[in-house]
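Participant: Could you have a look at this structure, given as structure tokens, before my questions?
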Amino acid sequence: MGKSGYTSLSLNEDRYAKLRKDWDHIVSGHDGWGSTREHSFTAWATTVLEQSIKRVSLIKSMYPNYTMVGQTDTGCVIKDKNVIVEVKWSKTKLVCSVDNGACKHCEFASMHPQF
Ligand SMILES: [Zn+2]
């Protein structure tokens, strides 16, 4: 039986184990990353889900012609109207296959929750 006032969310056991291990190691207890000292994994994950949905709504309004096609080993692929654009990491900077320097494709990718 679950906690009163809560619903349950079933996650793949292997993915949850990795997620929880990474959260414990990378996020939990580190100030500035969601006040995790005061919040449980569940409360933190709920907030992140809520913020991700808001972010999708925002980027849909900011970049109505872009679609996330999928992830690659080094970045992602975006469809810009009818043009396929690859965005990838080059050391510590994002670059795209169309433009030189910072561009809207890189902005879109860096804001996208699936990147
Ligand atoms: Zn670009």
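In the working numbering, the protein residues as written are 9 to 123. Backbone N, C-alpha and C fix where the C-beta goes; we use that ideal spot for every residue, glycine too.
Would you say the beta carbon of Asp107 comes nearer than 8 angstroms to a heavy atom of ligand 1?
Facilitator: Here residue 107 refers to the residue found at position 99 of the sequence shown. At least one heavy atom of ligand 1 is nearer than 8 angstroms to the Cβ of Asp107, so yes.
Participant: Give me the residue from Leu66, Asp81, Lys99 and Thr80 with the minimum Cα distance to Glu115.
Facilitator: For this step, residue 115 is matched to residue 107 along the sequence shown. It is Leu66 whose Cα lies nearest to the Cα of Glu115.
Participant: Given a cut-off of 9 angstroms on the beta-carbon distance, is the pair Lys87 and Val77 in contact?
Facilitator: Counting from 1 along the sequence shown, the entry for residue 87 is found at position 79. Counting from 1 along the sequence shown, the entry for residue 77 is found at position 69. Yes, Cβ-Cβ distance for Lys87 and Val77 is below 9 angstroms.
Participant: Should Cys111 be listed as close to ligand 3, given that the test is whether its C-beta is under 8 angstroms from any heavy atom?
Facilitator: Because ligand 3 does not appear in the structure shown, any question about it cannot be addressed here, the ligands present being ligand 1.
Participant: Please go through the same chain and pick out, in chain order, the residues whose beta-carbon is closer than 8 angstroms to the beta-carbon of Gly83, but skip the five residues on each side of it.
Facilitator: Residue mapping note: residue 83 aligns to position 75 of the sequence shown, counting from 1. Hits under 8 angstroms: Glu94, Val95, Lys96, Trp97, Leu102, Ala117 and Phe123.
Participant: Should Val95 be counted as a contact of ligand 1 given a C-beta to heavy atom distance under 8 angstroms?
Facilitator: Counting from 1 along the sequence shown, the entry for residue 95 is found at position 87. Val95: yes, Cβ under 8 angstroms from ligand 1.
Participant: Using a Cβ-Cβ cutoff of less than 6 angstroms, which residues in the same chain neighbour Tyr74 once the five nearest sequence positions on both sides are dropped?
Facilitator: Taking the sequence shown and counting its residues from 1, the one referred to as residue 74 is at position 66. Taken in chain order, the residues that qualify are Ile86, Asp88 and Phe116.
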